[in-house]
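The numbers in UniProt numbering rise by one with no breaks, and the one at position 30 of the sequence shown is 30.
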Amino acid sequence: MAVPLFCALERHQEISIKFAVTQPDKKANKNILTESSIKQEAKSLGIPVLQPTSLSDKNFYQTFLDADISLCVLFAYGSIIPALLLDAPPLGWVNVHPSLLPAYRGAS
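The following block contains the structure:
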């Protein structure tokens with residue numbers, strides 16, 4: 001669900017994606033690092049990818065602020081977003097989730 005939405009946003013003429021934020025690469029079969037589908041798609045579109053180990057990281061927060069983001073779209077991130085980040089974009093955040101929150105949180 002995340003990749004088709006990401007691609008639709010990227011194709012929209014009035015939307016400029018500054019970067020994609022995704023979880024750090026994870027080890028999968030045979031201890032090989034595996035990239036998230038969002039990272040793969042962003043790279044193929046030439047969109048920068050950020051993979052902070054913590055969303056509370058000061059360097060990540062400064063990068064986020066410096067990007068002058070108006071609105072954030074969140075889908076399938078898997079971590080709680082710190083209040084400092086939630087308060088940063090003037091238009092706020094849109095959380096896209098395939099099920100009713102909070103009753104069916106996670107990979108429901």
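By construction, the Cβ of each residue, glycine as well, lies at the ideal position given by its N, Cα and C atoms. The model shown is predicted, which means the values in this text are computed figures rather than measured ones.
Leaving out five residues before and five after residue i in sequence, what residues of the same chain have Cβ atoms less than 6 Å from its Cβ?
{"i": "isoleucine 47", "result": "Ile17, Ala20"}
{"i": "alanine 28", "result": "Thr34"}
Check for me: the beta strand (DSSP E) holding residue i runs from which residue to which?
{"i": "phenylalanine 75", "result": "72–75"}
{"i": "asparagine 29", "result": "No beta strand (DSSP E) holds asparagine 29; DSSP gives it neither H nor E."}
Have a look at the DSSP bridge pairing and note the partners of residue i.
{"i": "alanine 20", "result": "Val49"}
{"i": "asparagine 95", "result": "Leu74"}
Pull up the CB-CB distance for residue i and residue j, whole angstroms please, since I reckon it's below 8 Å.
{"i": "glutamine 62", "j": "glutamine 23", "result": "No, glutamine 62 and glutamine 23 are not in contact; Cβ-Cβ is about 20 Å, not under 8 Å."}
{"i": "proline 98", "j": "leucine 71", "result": "Not quite, the Cβ-Cβ distance comes to about 20 Å (not below 8 Å), so this is no contact."}
{"i": "lysine 64", "j": "leucine 85", "result": "This sequence places phenylalanine at residue 64; lysine is not what is there. About 6 Å separates the two Cβ atoms, so the contact holds."}
{"i": "isoleucine 32", "j": "phenylalanine 6", "result": "With a Cβ gap of about 24 Å, isoleucine 32 and phenylalanine 6 do not count as contacting."}
Rounded to whole angstroms, what's the CA-CA distance from residue i to residue j? Just pull it up for me.
{"i": "lysine 43", "j": "serine 36", "result": "11 Å"}
{"i": "aspartate 68", "j": "proline 4", "result": "25 Å"}
{"i": "isoleucine 15", "j": "alanine 103", "result": "31 Å"}
{"i": "leucine 91", "j": "methionine 1", "result": "23 Å"}
{"i": "phenylalanine 60", "j": "threonine 53", "result": "9 Å"}
{"i": "lysine 30", "j": "aspartate 57", "result": "30 Å"}
{"i": "glutamate 41", "j": "leucine 100", "result": "26 Å"}
{"i": "valine 96", "j": "alanine 76", "result": "8 Å"}
{"i": "histidine 12", "j": "lysine 26", "result": "30 Å"}
Kindly indicate the opening and closing residues of the alpha helix (DSSP H) around residue i.
{"i": "alanine 83", "result": "83–87"}
{"i": "glutamate 10", "result": "2–11"}
{"i": "leucine 65", "result": "58–66"}
For residue i, which residues of its own chain have a beta-carbon under 8 Å away from its beta-carbon, when the five flanking residues on both sides are left out?
{"i": "isoleucine 81", "result": "Leu55, Leu74, Trp93"}
{"i": "serine 79", "result": "Gln23, Leu55"}
If you drop the 5 nearest sequence neighbours on each side, which residues of the same chain put their C-beta closer than 7 Å to that of residue i?
{"i": "leucine 45", "result": "Glu10"}
{"i": "valine 49", "result": "Phe19, Ala20, Thr22, Lys39, Ala42, Lys43"}
Does the distance between the C-beta of residue i and the nearest non-hydrogen atom of the ligand MG fall short of 7 Å?
{"i": "leucine 5", "result": "You won't find the ligand MG in this model; it holds no ligand whatsoever."}
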